[in-house]
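The end of the sequence shown is residue 88 by this note's numbering, with every number in the run present.
A virtual CB, placed ideally from N, CA and C, is assigned to each residue, including glycine.
Okay, so here's the structure we're looking at.
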Amino acid sequence: TTPPVLSGPAAKTVRAPRGSRAARVRYAVTALDTTDGTLPVTCRPRSGSLFKLGRTSVTCSATDSSGNTGRTRFVVTVR
């Protein structure tokens, strides 16, 4: 009945290359479940994606073998 716990960046700010309107952003999010241990995490947008100038919300989730889903959300800011 307990969902996995996700951990990773609370927020992230990166600089776009000069003259660019976007930046490739990488981040790491992990999930740990009391029963299943380490689980794969799905994030949207994915790590390594191009993020446009401004703020973008990233939503990540992981589901354990019992169907319990843990979620986290953070903001990536590109300047």
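query: For residue 36, which residues of its own chain have a beta-carbon under 7 Å away from its beta-carbon, when the five flanking residues on both sides are left out?
result: 17, 18, 21, 56
task: Quick one: give me the first and last residue of the beta strand (DSSP E) that residue 81 is part of.
output: 78-87
message: Need the endpoints of the beta strand (DSSP E) that residue 46 sits in, please.
response: 46-48
message: Between 11, 24, 13, which has its C-alpha nearest residue 60's C-alpha?
response: 24
message: What does the alpha-carbon distance come out to for the pair residue 10 and residue 27?
response: 48 Å
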